[in-house]
Amino acid sequence: METARGRVFRYGDNVDTDVIIPARYLAASDPKELAAHCMEDIDQSFIHEVKTGDIIVADKNFGCGSSREHAPIAIKAAGVSCVIARTFARIFYRNAINIGLAIVECDEAPEKIKAGDIVSVNFDTGVITDETTGETFQGQAFPPFMQKIIDAGGLVSYINNEQA
Amino acid sequence: MGMTMTQKILAAHAGLASVSAGQLIEADLDLVLGNDITSPVAIREMDRFSREGVFDKDKIALVPDHFVPNKDIKSAENCKCVREFARRNEITNYFEVGEMGIEHALLPEKGLVIPGDAVIGADSHTCTYGALGAFSTGVGSTDMAAGMATGKAWFKVPSAIRFELKGAFAPMVSGKDLILHIIGMIGVDGALYQSMEFTGPGVAALSMDDRFTIANMAIEAGAKNGIFPVDEKTVSYVAAHWNAQQHPGVGEGEEAVRAYLAERTFQPDDDAAYTAVYEINLDEIQPTVSFPHLPENARTFDQIEDIQIDQVVIGSCTNGRIDDIRTAAAILKGRHVAPGIRCIIIPATQSIYLQALEEGLLKTFIEAGAVVSTPTCGPCLGGYMGVLAAGERCVSTTNRNFVGRMGDVTSEIYLASPATAAASAIAGKLTDPRTIA
């Protein structure tokens, strides 16, 4: 059973890819270098406080704006184990699946979960547990096709497997 | 159940008689696009594929346009990576500085997208080509890599919102005002995962450049794509920019091209399902400005007080086409940019630049105290060529006014039409272009 568990960083609506990784750093493509500036324009303390396994919880339309894959790459390389949001912008959603950053859509959880809570996510069942409050929420499962991409570890491995 | 325009194009590319919203399909692609920011990431992913090379060297477009001419050493390295990949794989449609333009203005001009195509691009504004009656959508670098390797992409078939247009714009009002109005109405996630289909008698009154601007910003409402029906204006545009090399099977001459396009034109079915329908009278659209820091913060001038500004940018994939440049020139002619204001004008492609030169528009700009730049996306995403300092305000014809988008996190971007931007440059403050006599 695959799970994520960590401390929550809480953000609001429409967190765009320009604040996730500002364009002034886009000439770089090394994940570690991108991670060093992750969330810089919305939360300067994020990168100093984030620990491996931590979880981002946001409201609607997370990852809107640019198609830059640098955004989910930076979040993943910063150590974030899962992003939970009420909705995701569609390019970010695709990109996260394609690069193997765990994401869960859930309308209810962001309403209740607070910054600093310890949250765990069971990817098999989609159940999100706020261990700080004891509340649980049902996240939306991926369609089987997308789950196959995730299980393969991303789109490239999936295509390689299909053609093998 | 009938299909929308987008659903018909996707069905045709998936080899299916019909598709419905929510269905997962694999579609054949007519073009895969990347730029100097997204392509290097895709090119590195390509090495991980067990297969070698690209699916079709004629169906990939590589356009270094964001940070070129190279703004720094890292940008130069990225462009070198794209250039060498293009050479190694003999990519037909690689555009070096000198031929390069802003990708979404360049590709239609070069005849690389035509009605009925299915296109992905590793740039969110790839949705621009919906103006030509094509399905086109932005993706990330890994999808671009997979597209370059296999010529295919997976899609969830989108549902659609229909915008039924009637009437025609009043003077000094353009496609930018309409799309800002629509985003203000439905919000930055108002069309999330959906298509925005623009239909109705009002479409005929929109120039192709208006349609490009409107489709371009569909992503700012969260949409997967924006799309227009194909009419005589579309066909004339496509025939005028026909790229015979890309379509060797099509005969010579305009008649052959028109016959070919007729087969690739998809109208929505009468019983196609839409999640919402909005009727919009173009006569009622007014100059519209989106205030910081979201494109949905749209206001008309009756809701705007004095906003002093520092900079004006006229250009980008949204508004750097010849109509936009002409509109700006008509307002700036015989006038001067206000003292202390930097006015930066960026024709989107070399051919637009040349046309502006031949029409005397560049002279107008320089005499008015504006600067004119070679094509680049530069200032729109805070790359270079107009980055903002702390607290500065810019009226910009670009597409995003997010926090820090054009520079310092305390700077502000006001999204507007070329007419509003030019009028604001003269007045030194956010200005209704209808007040410039």
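Chains A and B supply the protein sequences, listed in that same order.
Every position in the first sequence, counted from 1, becomes a number in my numbering once 1004 is added.
Every position in the second sequence, counted from 1, becomes a number in my numbering once 2 is added.
Beta carbons are placed, not taken as given, at the ideal position from N, Cα and C, and that holds for glycine.
Only a predicted model underlies this, so the values are computations on that prediction, with no experimental measurement involved.
Inset, instruction - In the DSSP assignment, find the unbroken beta strand (DSSP E) run with residue 271 (chain B) in it and report its ends. - result: If you look at residue 271 (chain B), you'll find it isn't in any beta strand (DSSP E); DSSP assigns it neither H nor E.
Inset, instruction - Indicate whether the contact test is met: 3 or more Cβ pairs, each with one atom in the region 379-399 of chain B and one in the region 67-87 of chain B, closer than 8 Å. - result: Three or more beta-carbon pairs separated by less than 8 Å link the region 379-399 of chain B to the region 67-87 of chain B, which places the two stretches in contact.
Legend entry - Selection from B:46, B:47 and B:321 that minimises the alpha carbon distance to residue 177 (chain B): Shortest Cα-Cα distance from residue 177 (chain B) to any of B:46, B:47 and B:321 involves B:321.
Inset, instruction - Identify the contact partners of residue 1069 (chain A) in chain B, using a Cβ-Cβ distance below 7 Å as the criterion. - result: For residue 1069 (chain A), the neighbours in chain B by C-beta distance under 7 Å run, in chain order, 126, 402 and 404.
Inset, instruction - May I ask you to list, following chain order, the residues of the region 187-213 of chain B that have a beta carbon less than 7 Å from some beta carbon of chain A? - result: Those would be 190, 191, 194 and 195, in chain order.
Inset, instruction - Label residue 400 (chain B) either buried or exposed according to how many other C-beta atoms from any shown protein chain fall within 10 Å of its C-beta, with 16 as the threshold for buried. - result: Buried, since its Cβ has 16 or more Cβ neighbours within 10 Å.
Inset, instruction - Return no unless some Cβ of chain A is closer than 8 Å to the Cβ of residue 142 (chain B). - result: The Cβ of residue 142 (chain B) sits closer than 8 Å to at least one Cβ of chain A.
Legend entry - C-alpha distance - residue 1011 (chain A) paired with residue 1085 (chain A), whole-angstrom precision: Rounded to the nearest angstrom, the two C-alpha atoms are 10 Å apart.
Inset, instruction - Answer yes or no: do residue 152 (chain B) and residue 57 (chain B) have a C-beta to C-beta separation smaller than 8 Å? - result: Taking 8 Å as the cut-off, the Cβ atoms of residue 152 (chain B) and residue 57 (chain B) count as close.
Inset, instruction - Could you check if residue 250 (chain B) is buried or exposed, using at least 16 other CB atoms within 10 Å of its CB as the buried criterion? - result: So residue 250 (chain B) ends up on the exposed side.
Legend entry - Between the CA atoms of residue 310 (chain B) and residue 1009 (chain A) - distance to the nearest angstrom: In this model, residue 1009 (chain A) and residue 310 (chain B) are separated by some 48 Å (Cα to Cα).
Legend entry - Alpha-carbon spacing of residue 371 (chain B) relative to residue 314 (chain B), whole angstroms: Using only the alpha carbons, I get a separation of about 12 Å.
Inset, instruction - Report the three-state DSSP secondary structure of residue 133 (chain B) (helix, strand or coil). - result: Of the three classes helix, strand and coil, the one that applies to residue 133 (chain B) here is helix, per DSSP.
Legend entry - Length of the line joining the Cα atoms of residue 1154 (chain A) and residue 1047 (chain A): Within the model, the alpha-carbon separation for residue 1154 (chain A) versus residue 1047 (chain A) is close to 29 Å.
Legend entry - Unbroken beta strand (DSSP E) run spanning residue 1133 (chain A), endpoints: Here the beta strand (DSSP E) through residue 1133 (chain A) covers 1131-1134.
Inset, instruction - Would you mind stating whether residue 130 (chain B) and residue 122 (chain B) have Cβ atoms separated by less than 8 Å? - result: Going by C-beta atoms, residue 130 (chain B) is not nearer than 8 Å to residue 122 (chain B).
Legend entry - C-beta contact flag for residue 1088 (chain A) and residue 1059 (chain A) at 8 Å: In this structure, residue 1059 (chain A) lies closer than 8 Å to residue 1088 (chain A) by Cβ.
Legend entry - Euclidean distance between Cα positions of residue 413 (chain B) and residue 393 (chain B): So the alpha carbons of these two residues sit roughly 4 Å apart.
Inset, instruction - Taking a Cβ distance cut-off of 7 Å, strictly less, list which residues of the region 1084-1115 of chain A are near chain B, in chain order. - result: Flagged, chain order: 1091, 1093, 1094, 1095, 1098, 1099, 1102 and 1103.
Legend entry - Burial state of residue 75 (chain B), where buried means 16 or more other Cβ atoms lie within 10 Å: The residue in question, residue 75 (chain B), is exposed, as its Cβ has fewer than 16 Cβ neighbours within 10 Å.
Inset, instruction - Enumerate in chain order the residues of its own chain whose CB-to-CB distance from residue 150 (chain B) is below 6 Å, with the five nearest sequence positions on each side excluded. - result: Non-local beta-carbon contacts of residue 150 (chain B) in its own chain, meaning distances under 6 Å to residues more than five positions away in sequence, involve 34, 56 and 62 in chain order.
Inset, instruction - Take residue 1026 (chain A) and list the residues in its own chain whose beta-carbon comes closer than 8 Å to its own, dropping the five residues that flank it on each side. - result: Closer than 8 Å at Cβ, skipping near neighbours: 1041, 1044 and 1045.
Legend entry - Interfacial residues, the region 144-156 of chain B to chain A, with Cβ spacing under 8 Å: Legend: CB atoms of the region 144-156 of chain B lying less than 8 Å from CB atoms of chain A belong to residues 144, 145, 147, 148, 151, 152 and 156.
Inset, instruction - Identify every residue that forms a DSSP beta bridge with residue 279 (chain B). - result: Residue 279 (chain B) is bridged to B:164.
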